Structure formats: C-alpha cells, structure tokens
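Just below is one structure, and these are the notes that go with it.
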Amino acid sequence: LACQREVWDRCINTSERTKGVIDAVQRFPMPFHDTVLRKSQDIGLDPAYVYGLIRQESRFIMDARSGVGASGLMQVMPATARWTARKIGLPYSPDMITDRETNITIGTNYLKLALDDFDGSMALAAAAYNAGPGRPRNWRNGPVLDAAIWAENIPFAETRDYVKKVIANTTNYAALIYGRPQSIKDRLGSVGPRNPTEPEPNKDLP
C-alpha cells in the first residue's frame, strides 16, 4: 500500500522486513526515474550509484532534513550546495535546495566531482559524501587494499555502515537498470594512496 501511494520510506522499510518473498523492484524503487537518469548520464555518472546513494540518504523523501542541516533527496549541506552551484555555473539561492531538479542537479554534480577527485572509487567518494573529503583522503593513506576490506576498517561506524549500504544499494539498482547480475567486487575495486604524480582535480572539494 505504501509503495502504491508512493510513501517511499515506508515502502522500503517494510519491504526490507519480508523474509519468505523478496520483491527487488519494491525494495529498490526508482522514483523520479527520468530526472535521475538524465541528470546522471549528462555528466557521465552511473544512475545506479545515484539511486544507491539517494536510497540511503533520504529514502526518497523530498523535504528530508538532517539534524546537521542537510536537505532534500540527496541531503546536500548548505555550504556544499553553494560551492557546487558556483563550480557548475548554476544560478542558486538557498531556498532552491528542496526543489527536486535543483537538488538532484547539485547532488549528482557534487558526487561526480568527488568521484573524479578519488580516482573513480565509489567507496571513497561515498565516504567523502558522508564524512567530508578530508577524512577519506587520510584513510586511504596505507597499503593498497580491496575496497571491501578498506570499508570494514573505516574508523567511523556511521560512515563504515553508510559506504557498505550505498555500494550494496548501487549493485542492486544496477542489476535492475541493466537487467543482468552485477559483481559487487568489481564495483568496489581497490583503495590505496593517491599517485603523487597525478593532479588533484578538486582540492577545494568541501
């Protein structure tokens, strides 16, 4: 009933509790399908990754607001929204953050900038989205590890759980979007120190 009425948080939360029968389409819904796919593909971002992140961030509640002030579908912080809008040349005022198109535009562009900054690593970019980029920049400075092992060693419990759930969500969404089974290991890759000879594309990433 929640899914039929598009009460997405109740739809997902209740679907996750089923044991005998699992309906993947119900458990991983794709509201705002055309907008998410268009905004993602326009900037070369995998829409499955965007859906995986939104599902974890807001459960598709448009006016969601966190205790620290993040807003909208993609839970964007005010300073991040201003920085990203300036970076991509988007006219912006703070009251626009809960507009669906604006929120998805800013959220997807920030995610892409983070992904570029972290050499395309979905695990590192997800950690940056949750904890800010400074921490995962430090956390990657060790031996090269499978990202699954690296994620299990993230020192913040919230970020550790967040990264695992975003990547798991992403893998499930990719299976639905592309119509074939997906490898979570291939999606994770490995994590290690930045190559010092390569430029940092977004050193000022907030």
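Count along the sequence shown from 1, add 55, and you get the number used in the numbering used here.
Ideal placement from N, C-alpha and C gives every residue a C-beta, glycine not left out.
Model, not experiment: these values are computed from the prediction.
Between residue i and residue j, which are expected to be in contact by the criterion C-beta below 8 angstroms, what is the C-beta distance as a whole number of angstroms?
{"i": "G124", "j": "P133", "result": "6 angstroms"}
{"i": "L100", "j": "K167", "result": "5 angstroms"}
{"i": "R110", "j": "I67", "result": "7 angstroms"}
{"i": "P146", "j": "A169", "result": "About 23 angstroms separates the two Cβ atoms, so there is no contact after all."}
{"i": "T157", "j": "I98", "result": "Not quite, the Cβ-Cβ distance comes to about 15 angstroms (not below 8 angstroms), so this is no contact."}
Report yes if the C-beta distance between residue i and residue j is below 7 angstroms; otherwise report no.
{"i": "V199", "j": "G247", "result": "yes"}
{"i": "P236", "j": "A229", "result": "no"}
{"i": "I161", "j": "A186", "result": "no"}
{"i": "F115", "j": "P149", "result": "no"}
{"i": "N257", "j": "D172", "result": "yes"}
{"i": "A182", "j": "V221", "result": "no"}
{"i": "K94", "j": "I159", "result": "yes"}
{"i": "S70", "j": "Q81", "result": "yes"}
{"i": "W138", "j": "P261", "result": "yes"}
{"i": "N227", "j": "F83", "result": "yes"}
If we count the other Cβ atoms within 10 Å of its Cβ and call it buried at 16 or more, is residue i buried or exposed?
{"i": "Q130", "result": "buried"}
{"i": "I77", "result": "exposed"}
{"i": "T252", "result": "exposed"}
{"i": "E112", "result": "buried"}
{"i": "A212", "result": "exposed"}
{"i": "R72", "result": "exposed"}
{"i": "L108", "result": "buried"}
{"i": "P210", "result": "exposed"}
{"i": "N208", "result": "exposed"}
{"i": "Y233", "result": "exposed"}
{"i": "A79", "result": "exposed"}
{"i": "T224", "result": "The question names Thr, yet the displayed sequence has Asn at residue 224. Classification for N224: buried."}
Shorter than 7 angstroms from the beta carbon of residue i to some beta carbon of chain D?
{"i": "L260", "result": "Annotation note: the requested chain D is absent from the structure, which comprises a single protein chain."}
Check: Does the segment 165-177 come close enough to the segment 90-107 that 3 or more CB-CB pairs lie under 8 angstroms?
Finding: yes
Next item on the list: Output the residue ranges of the alpha helix (DSSP H) runs that lie fully inside the segment 83-142 and measure 4 residues or longer, sorted by chain position.
Entry: As far as the segment 83-142 is concerned, its whole alpha helix (DSSP H) runs of at least 4 residues are 88-97, 102-112.
Check: Do the segment 238-255 and the segment 198-216 make contact, defined as three or more Cβ pairs closer than 8 angstroms?
Finding: Taking 8 angstroms as the limit for Cβ pairs, the verdict is that the segment 198-216 does touch the segment 238-255.
Next item on the list: Mind listing, in chain order, the continuous alpha helix (DSSP H) runs of no fewer than 4 residues lying wholly within the segment 142-203?
Entry: 155-172, 177-186, 189-194
Check: Mind pulling the alpha helix (DSSP H) runs of 4 or more residues that sit fully within the segment 209-248?
Finding: 212-233, 239-243
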